[in-house]
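Undergrad: Pasting a structure here, questions to come.
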Amino acid sequence: MRVFMLEDDQRRVDYLANKVFGEEVTHTDSVSAAAEILRENEFELIMLDHDLTRDSQMVVDDAVESGRDLAKLMSLEKLSVDTPIIVHSLNEEGANLICDILEDTHSKVHRVDYFTLKFKYGLDGIQALLGDRKWESS
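Here our numbering = 1-based position in the sequence shown + 41.
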């Protein structure tokens, strides 16, 4: 499964890459790098975090780069509009803002915080959440 993650916590990337999705996980913690990656590549799933630095944990601040900024670009440029998106941030306010930004242009946006994703869903649960698509873990 080709997965893109906007995520600043390498432990989360490693866990999801090794335990859930297999080897084909592309990730960055930079909004500008993420936008370039999404412009140039196609993915089967996109996962977005809101807080991209330890200093910005659980706050919504327009002066700090966040997943919200990538959501704005994705909406404006209509990037990956048919790709399922999971907003996995633990920052509830920030995650809800990302979903609100994407709701008009992206029809497959799901809000599932990281711990629920990790401990409840796994690959089978993610498949069920996203519909009938069947993926194989590498």
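Glycine residues also receive a C-beta, built at the ideal position from the N, C-alpha and C atoms.
Where do the N-terminal and C-terminal ends of the alpha helix (DSSP H) with Leu138 fall, by residue?
TA: Mapped onto the sequence shown, residue 138 falls at position 97. Its alpha helix (DSSP H) spans residues 133-143.
Undergrad: So what does DSSP say about Val72, is it helix, strand or coil?
TA: Start at 1 with the first residue of the sequence shown, and residue 72 comes out as number 31. Val72: helix per DSSP, three-state reduction.
Undergrad: Along the chain, where does the alpha helix (DSSP H) containing Leu9 start, and where does it finish?
TA: Since the first and last residues shown for the chain are 42 and 179, residue 9 lies out of range.
Undergrad: Whose CA, out of Tyr56, Val122, Glu106, Asp55, lies closest to the CA of Leu79?
TA: In the sequence shown, counting from the first residue as 1, residue 79 sits at position 38. Nearest option by C-alpha distance: Val122.
Undergrad: Round the Cβ separation of Ala136 and Arg152 to the nearest angstrom and send it over; I've been treating them as touching at under 8 Å.
TA: Your numbering for residue 136 matches position 95 in the sequence shown. Your numbering for residue 152 matches position 111 in the sequence shown. Correct: roughly 6 Å between the Cβ atoms.
Undergrad: Any idea if Asp92 is buried or exposed, counting beta-carbon neighbours within 10 angstroms, 16 or more meaning buried?
TA: Looking up residue 92 in the sequence shown gives position 51. Asp92 should be labelled buried.
Undergrad: What is the C-beta distance between Leu47 and Ala75, in whole angstroms, given that I count them as a contact (C-beta under 8 Å)?
TA: Numbered from 1 along the sequence shown, position 6 holds the residue referred to as residue 47. Numbered from 1 along the sequence shown, position 34 holds the residue referred to as residue 75. With a Cβ gap of about 5 Å, Leu47 and Ala75 count as contacting.
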